[in-house]
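Data first, discussion second: the structure below is written as C-alpha cells.
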Amino acid sequence: MTVTAGALDGVRVLDLTQVMAGPYCTMLLADLGADVIKIESPEGGDQTRTSMGTPRPGSDTPAFHALNRNKRSVTLNLRTDADRAEFFRLVADADVVVENFRPGVTDRLGVGYEAVREVRPDIIYASISGFGQYGPYADRPGYDLIAQGMAGAVSVTGDPDGPPVKCGLPVGDLGAGMLCALSIAAAHVHRLRTGEGQYLETSLYEAVLAMSVWESVEYFAGGEPPQRLGSAHRMSAPYQVVRTKDDHATIAANNQRLWLRLCEALDLQHLADDERFATNTDRMGHRAELIALLEGRLAATSTEECVAQLLDAGVPAGPILDYGQILEHDPHARARGMVEEYDHPVDGRSRVVGFPVKLARTPATLRRHPPVLGEHNGELLGKGPELTADDDAGEGSVTWTRHAVPGTDTYAAHLTLANPDRRNAMTLRMYDQLERACQEIDADPDIRLAVLRGAGGRAFAAGTDIREFRDFASGEDGVAYERRVGLAVDRLAGLRMPVVAAVEGPAVGAGSALASCCDVVLCTPDAVFGAPIGRTLGNCLSPAMMSRLYAGLGRARVLRALLAGRLITATEAYESGFVADIVDPADLDTRLAELTADIARCAPLTLAALKEADRRVLAASAPGHAEDLYARVYGSRDFGEGVAAFLEKRKPRWEGR
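Just so you know, we're using the working numbering here: the sequence shown kicks off at 3 and counts up by one.
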C-alpha cells in the first residue's frame, strides 16, 4: 500500500487563535497535513505559552505544547498598518483563516471575513467563540466552564445526591474545536467542487448542547429535565461504574442478551428471573437496587478478576485507569500510537498525545515541534535575525548575528543591546526584541552558545529608559510592564546553551538583571552592578531578579546595595563570584574569543545538561509572583515623583505613599 502526504497537504491555514478551542481545531488540521501558520502577538504570543501551568524559565508551558504541534509561528501586531499588510500578504496564499476572538474583534482589527475575502475571495473563514456570533449571549466571554453550565452539561454531571459538577474534560473547548475542524474540511470539499469559499462559525455553547443526545431525547420524550445519574446511562442498566473488592470497574450490559450473560458470569441467575429486572425498563426503574446487589456480589472479587470473568463471558467491562497508568504503561495506548515523542529546541525530548484517527493512505503525522514564538518570522515574513519593531514602540533595539567560531563547525549568537544615546538603557521595545531573539537563537540547532554585550563600549545597560514610565497611570501599568520584562528575562535565562556576558561600564537595574541571567560574566574595571532605585526612582525589583542577584553576589551585599542605594564595584562582584574575571578593555575581545572557542568545543549535551542542573539548583529557592508589590509601588505618588525628579534632574521628595 502506498502512503501519501497528509490528506490536507497543500492547504494553508492562518491561525489567529489561542488558548484551547481554536488551537485544538488548527492542530487537528495540521496533523492531517495542513500548513498551519500560527499568528501571534509579539507581546508574549498565545496566552498558554506562559499562563497555563508553570514553565521553566525560557520555556513554554506544557499546555501550549499539547495544542500547537505541526505549526509554524510568526509574530504580527495586527493593530499596526505594517504588520496588518504582512498578514494580508499571507492571506493571498492562504486557504483557511481560523479565529477565536470575541465577536467583532477581528472586524475592529481590520482582519474580519469581509476584509479577508477582498484579498482572497474563495477563503474559508472560521470563527469559534463562547456563544456564537449572534444571539442574546454572543458578547459573553467564552469559557468552557461557563458553556458547560449554560448548555446543560453541569446539570447532569455528578452523583444524584451531590452538587452539580463540570465534566472532567473540557468538552466545550475540545468539542467546538473538533466540530470546526470537521466543518472546515467539509467547506474545503465544497470549494474543490465549486470554487466557492464561505464563512462558518460555531461556539462552545453549541458544541456542548449538540452532545446532549440522550439528555435532549429524555426531555423531549418525557417533558422533565434530566437529572444527575453519576456514571449511569440514561437509557440502559446496568451501564456504569461499580465497586469491587479493591477498586472499581465499568460494566456495560446494555441489552437483554448482555444482561443474561452478566447474570451467568457472576453466578446471579436468580436476578434474571426477578421481575424487578426483567426488562431494561424494569432495570432502569430499579437501578439503585440492582447496583447494590451487583456490588454485594463483587465485594469479594477484585477488579482484575471481575473484568476477566465478564470479558470471558462476552460482557463489556474494564478497569478505571488514571493517566499515569495510561500514558506510561498501557500497551494499547502505545500500540495505537496515542503517545508520540518529538524533539523540541528548548525542552528537548518531549511527549504528546497522538492523533486519534488512523488514515490508511494519508495518515496524520507529527512533523514539527510546537514552535517557539516567532520561530518562522525569517522563513515566512522575510525578516532576518536583526529584529525590528514599530517606530512608535520606543527607542533602542536588540539585534543578533550568527558568528562562526574559529576552529569548530559551530556558531555563536552575538546579541547586542543598542540604545546608545541612553547608555543602552532598556525599553519595552528592546525587551520584546530580546525575547524574540532568544527564541530564534534557541531554535537554531547549529548555535552552541550566545554572547551578550552592550553597544558602543560605554555601558552594558544603564538601567531602564525612564521616559517610558511617564505615561503610567496606575499600578496596573507597572504590573503589565513587569510582565513583559519578565518574559524577556526568563527567556534569556532559559536559553538551552551557555550565555556569556561582556560587561563594559554600568550594568545597572535592567543591566544587572540581564547579567544575572548569564552563565559567565566578564567585565571591565569600570563595570558596576546593582539598582539604586530606592534613592533615584522609587520602584521595585522582581523577586526572580533578587534571587539571581543573591545567588551571584550574596544576599548581604545585595541588600546593602539596594537599601542604601549604592552600586557594587567590579572588584566586589569578582570577589563574590558573580563575575568570572575582570579584563582590561583592550583585551576584552581577545579573551571573549578564547572563552567562546573553549565553550564551543565542549559536548553540546553536556552543556545543556549543566545549564539544566544549574536551573534546578536555583529553582529550589525560586520566588513566586509579586504583582501585589508592583501594583503598590508603581501606583504610588512616590513613584510618580521619582520619575519626574529623574527627568528633571533633581532630587526626589519622598512622601512614603
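Beta carbons are placed, not taken as given, at the ideal position from N, Cα and C, and that holds for glycine.
In the same chain as E217, and ignoring 5 residues on each side of it, the C-beta atoms closer than 8 Å to its own belong to G154, V158, P228 and R236, in chain order. As the crow flies, the alpha-carbon of D248 is around 53 Å from that of G12.
Counting the other CB atoms within 10 Å of its CB gives G465 a total of 16 or more, which places it among the buried residues.
Boundaries of the alpha helix (DSSP H) harbouring G151: D146 to M152, taken from the DSSP string. L649 counts as exposed, since fewer than 16 other beta carbons sit within 10 angstroms of its beta carbon. Assigned with DSSP and collapsed to three states, L16 falls in strand. A distance below 8 Å separates the beta carbons of V374 and Q441. Where S638 is concerned, there is no enclosing beta strand (DSSP E), because DSSP gives it neither an H nor an E. Straight through space, the alpha carbons of G298 and E277 are spaced by roughly 19 Å. Rounded to the nearest angstrom, the gap between the Cα atoms of V15 and G35 is 11 Å. Contact check for P162 and G224: beta-carbon distance about 17 Å, past the 8 Å limit, so the pair fails to qualify. Using a 10 angstroms sphere on the CB of F103, the tally of other CB atoms reaches 16 or more, which defines it as buried. Around the beta carbon of E198, fewer than 16 other beta carbons sit within 10 angstroms, so the residue counts as exposed. Per DSSP, the continuous alpha helix (DSSP H) segment holding R263 begins and ends at Q258 to A267. Remark: C-beta atoms of V491 and A515 approach each other more closely than 8 Å. For Y26, the enclosing alpha helix (DSSP H) covers residues A23 to D33. Of the other Cβ atoms in all chains shown, 16 or more fall within 10 Å of the Cβ of D521; this residue is therefore buried.
Looking at the DSSP output, M548 shares a beta bridge with no other residue.
With respect to S578, G540 sits apart: the two C-beta atoms are not nearer than 8 Å.
DSSP links G132 through a beta bridge to no other residue.
Pairing Y433 with R486 gives a Cβ-Cβ distance under 8 Å.
Around the beta carbon of G132, 16 or more other beta carbons sit within 10 angstroms, so the residue counts as buried. Beta-bridge annotation (DSSP): P508 is paired with V530. Checking the DSSP bridge columns, you'll see C525 partnered with V505 and I584.
Non-local beta-carbon contacts of Y413 in its own chain, meaning distances under 7 Å to residues more than five positions away in sequence, involve R404, H405, A406, V407, D448, I449 and R450 in chain order. DSSP places Q200 within a strand segment (E or B) once states are collapsed to three. Here the C-alpha atom of G24 lies approximately 17 Å from the C-alpha atom of Q150. Residues G179, M180, A183 and F357 of the same chain have their beta carbon placed closer than 8 Å to that of L30, with the five preceding and five following residues left out of the count. With the rule of 3 Cβ pairs closer than 8 Å, the segment 327-334 does not count as touching the segment 287-307. Leaving aside the five residues that flank R438 on each side, the residues in its chain whose CB is nearer than 8 Å to its CB run, in chain order, P44, T77, L375, G376, N379 and L389. In this structure, the CA atom of N256 is about 17 Å from the CA atom of Q311.
For L569, the closest of I584, R537 and T608 by C-alpha to C-alpha distance is R537.
Burial state of H272 is exposed, judged by a 10 Å Cβ sphere holding fewer than 16 other Cβ atoms. Taking C-beta separations shorter than 7 Å and ignoring five residues to either side along the sequence, the partners of L80 in its chain run R86, F89, L111 and V113, following chain order.
Just measuring C-alpha positions, the residue of A415, C525, R230 and P123 sitting nearest G164 is R230.
For the pair T204 and T28, the Cα-to-Cα distance works out to about 14 Å.
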